[in-house]
Amino acid sequence: MSLKEKLQVMVVDDMSTSRGLIVQALDEIGIVNYRTENDGASAWQRLIAQPAHLVISDFNMPRMDGLQLLEALRTHSTTARIGFILITGRADKEVIERGQRLAMNNFIKKPFNTPAMKSCIERVVGRL
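Heads up: the sequence shown begins at 403 in this note's numbering, then just goes up one per residue.
Here's what the structure looks like:
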(Lines of atoms letter the chains of each structure in order from A and count residues from 1; the text may use other names and numbers.)
(Lines give C-alpha, C1' and ligand atoms only; values in the text may rest on other atoms or scores of the structure.)
Protein backbone atom coordinates (compact mmCIF):
# COMPACT_ATOMS: atom_id res chain seq x y z
CA MET A 1 0.00 0.00 0.00
CA SER A 2 1.44 3.38 -1.03
CA LEU A 3 1.70 6.45 1.18
CA LYS A 4 -1.11 8.05 -0.86
CA GLU A 5 -3.41 5.19 0.15
CA LYS A 6 -2.38 5.19 3.84
CA LEU A 7 -2.26 8.94 4.52
CA GLN A 8 -5.14 10.22 6.69
CA VAL A 9 -5.88 13.90 6.01
CA MET A 10 -8.22 16.40 7.69
CA VAL A 11 -9.25 19.34 5.47
CA VAL A 12 -10.53 22.38 7.37
CA ASP A 13 -12.08 25.37 5.61
CA ASP A 14 -15.24 27.36 6.31
CA MET A 15 -15.90 27.98 2.61
CA SER A 16 -17.46 24.99 0.85
CA THR A 17 -15.96 26.05 -2.50
CA SER A 18 -12.45 26.16 -1.01
CA ARG A 19 -12.95 22.79 0.71
CA GLY A 20 -14.09 21.41 -2.63
CA LEU A 21 -10.97 22.70 -4.41
CA ILE A 22 -8.70 21.16 -1.77
CA VAL A 23 -10.54 17.83 -1.93
CA GLN A 24 -10.42 17.91 -5.73
CA ALA A 25 -6.64 18.38 -5.58
CA LEU A 26 -6.33 15.48 -3.09
CA ASP A 27 -8.40 13.28 -5.43
CA GLU A 28 -6.19 14.24 -8.39
CA ILE A 29 -3.06 13.45 -6.35
CA GLY A 30 -4.55 10.08 -5.39
CA ILE A 31 -5.02 10.73 -1.67
CA VAL A 32 -8.20 8.85 -0.80
CA ASN A 33 -8.51 9.02 3.00
CA TYR A 34 -9.66 12.47 3.98
CA ARG A 35 -12.28 14.02 6.21
CA THR A 36 -13.53 17.59 6.14
CA GLU A 37 -14.66 20.13 8.72
CA ASN A 38 -15.86 23.69 8.23
CA ASP A 39 -14.19 25.32 11.24
CA GLY A 40 -11.20 24.87 13.51
CA ALA A 41 -13.21 24.11 16.65
CA SER A 42 -15.06 21.20 15.02
CA ALA A 43 -11.83 19.90 13.49
CA TRP A 44 -10.10 20.07 16.87
CA GLN A 45 -12.81 17.95 18.50
CA ARG A 46 -12.66 15.33 15.72
CA LEU A 47 -8.87 15.22 15.75
CA ILE A 48 -8.72 14.61 19.50
CA ALA A 49 -11.10 11.67 19.05
CA GLN A 50 -9.50 10.40 15.84
CA PRO A 51 -6.10 11.92 14.93
CA ALA A 52 -4.98 12.26 11.31
CA HIS A 53 -1.48 12.24 9.82
CA LEU A 54 -1.93 15.65 8.20
CA VAL A 55 -4.18 18.69 8.60
CA ILE A 56 -4.66 21.08 5.70
CA SER A 57 -6.34 24.15 7.15
CA ASP A 58 -7.50 27.54 6.00
CA PHE A 59 -6.25 30.46 8.07
CA ASN A 60 -9.28 32.74 8.20
CA MET A 61 -12.26 30.94 9.82
CA PRO A 62 -14.85 31.76 12.48
CA ARG A 63 -14.72 30.35 16.03
CA MET A 64 -11.12 29.08 15.74
CA ASP A 65 -8.80 30.18 12.94
CA GLY A 66 -6.15 27.95 11.40
CA LEU A 67 -3.32 29.08 13.65
CA GLN A 68 -5.48 28.72 16.76
CA LEU A 69 -6.22 25.17 15.59
CA LEU A 70 -2.50 24.56 15.11
CA GLU A 71 -1.75 25.88 18.60
CA ALA A 72 -4.42 23.61 20.10
CA LEU A 73 -3.04 20.60 18.21
CA ARG A 74 0.50 21.26 19.42
CA THR A 75 -0.60 21.40 23.09
CA HIS A 76 -2.36 17.99 23.18
CA SER A 77 -0.31 14.80 23.44
CA THR A 78 -2.36 12.79 20.89
CA THR A 79 -2.28 15.55 18.26
CA ALA A 80 1.07 17.27 18.87
CA ARG A 81 2.88 15.48 16.03
CA ILE A 82 0.23 15.85 13.33
CA GLY A 83 1.61 17.45 10.16
CA PHE A 84 0.07 20.87 9.50
CA ILE A 85 -0.26 22.86 6.28
CA LEU A 86 -1.83 26.32 6.39
CA ILE A 87 -3.70 27.55 3.31
CA THR A 88 -4.13 31.27 3.13
CA GLY A 89 -4.84 34.06 0.71
CA ARG A 90 -3.00 36.28 3.18
CA ALA A 91 0.51 34.81 3.33
CA ASP A 92 1.98 37.90 4.93
CA LYS A 93 5.13 37.77 7.02
CA GLU A 94 3.29 38.07 10.36
CA VAL A 95 1.00 35.09 9.67
CA ILE A 96 3.83 32.88 8.39
CA GLU A 97 6.16 33.75 11.28
CA ARG A 98 3.41 33.05 13.81
CA GLY A 99 2.77 29.71 12.12
CA GLN A 100 6.46 28.86 12.20
CA ARG A 101 6.64 29.67 15.93
CA LEU A 102 3.75 27.21 16.43
CA ALA A 103 5.60 24.49 14.45
CA MET A 104 3.59 24.75 11.24
CA ASN A 105 5.08 22.26 8.78
CA ASN A 106 4.32 24.16 5.57
CA PHE A 107 1.94 26.66 3.95
CA ILE A 108 0.46 27.26 0.54
CA LYS A 109 -1.03 30.46 -0.84
CA LYS A 110 -4.45 30.66 -2.47
CA PRO A 111 -5.09 30.25 -5.29
CA PHE A 112 -3.12 27.02 -5.71
CA ASN A 113 -2.99 24.26 -8.33
CA THR A 114 -2.73 20.50 -7.88
CA PRO A 115 1.03 20.22 -8.62
CA ALA A 116 1.73 22.96 -6.04
CA MET A 117 -0.48 21.20 -3.48
CA LYS A 118 1.27 17.88 -4.12
CA SER A 119 4.69 19.49 -3.70
CA CYS A 120 3.55 21.22 -0.51
CA ILE A 121 2.27 17.94 0.96
CA GLU A 122 5.40 16.04 -0.07
CA ARG A 123 7.59 18.53 1.81
CA VAL A 124 5.71 17.45 4.95
CA VAL A 125 5.09 13.71 4.53
CA GLY A 126 7.60 12.61 1.90
CA ARG A 127 7.26 11.50 -1.70
CA LEU A 128 3.76 10.42 -2.70
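Beta carbons: idealized from backbone N, C-alpha and C, even for Gly.
Remember, it's a predicted structure, so these values are computed and weren't measured experimentally.
Are residue i and residue j close, meaning C-beta to C-beta below 7 Å?
i	j	result
F461	T490	yes
A445	M417	no
A493	K511	yes
Using only the alpha-carbon positions, how far apart do residue i and residue j sit?
i	j	result
Q502	G528	19 Å
L409	V425	14 Å
N507	C522	9 Å
V497	M403	36 Å
M466	L530	30 Å
G485	R525	10 Å
Under a three-way DSSP split, which group does residue i fall into?
i	result
L504	coil
L488	strand
L456	strand
K511	strand
V497	helix
M403	coil
Taking the alpha carbon of residue i as the reference point, which residue from the options has its own alpha carbon closest?
i	options	result
L428	L471, D441 and V457	V457
T477	E499, I510 and L449	L449
S459	A505, Q452 and N440	N440
Restricting to runs no shorter than 3 residues, where is the beta strand (DSSP E) found entirely within the segment 417-488? 435-439 and 456-460
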